[in-house]
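Below: the structure, in structure tokens.
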Amino acid sequence: MGLNPLVKKNWVEIQKKHDVPVNAIGVKIDPKDQATLKIWKEEGIDQFQKDKDKK
């Protein structure tokens, strides 16, 4: 079951602004929250994480 395309698009836009993993509303994902991190990676949101070196 994939994410709603509108949610994914919004999540990608929010993630582009952060250099740490964030959820769909822009809150940092707790490293202990493996369920959210799994979805973050499976949906490819991790590819849009802002590069720390390019501020």
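Those letters in the sequence shown? Residues 214 to 268, by the working numbering. For each residue, glycine too, the CB sits at the ideal point set by N, CA and C. Keep in mind it's a predicted model, so treat the numbers as computed, not measured.
Cα-Cα separation, residue i to residue j
i, j, result
"Leu250", "Pro234", "8 Å"
"Asp243", "Leu219", "23 Å"
"Gly239", "Lys221", "13 Å"
Interface flag, residue i vs chain B, CB-CB below 7 Å
i, result
"Pro218", "Going by chain labels, chain B is absent from the structure shown, which holds only one protein chain."
Cβ pair residue i, residue j closer than 7 Å
i, j, result
"Trp224", "Ala237", "yes"
"Glu255", "Leu216", "no"
Requested in this report: Just list the alpha helix (DSSP H) runs in the region 222–263, keeping only unbroken ones of 4 residues or longer that don't cross its boundaries, in chain order.
Outcome: 247–255
Report task. Answer yes if the region 254–263 comes into contact with the region 227–236, meaning at least three C-beta pairs across the two stretches below 8 Å, and no otherwise. Result -> yes
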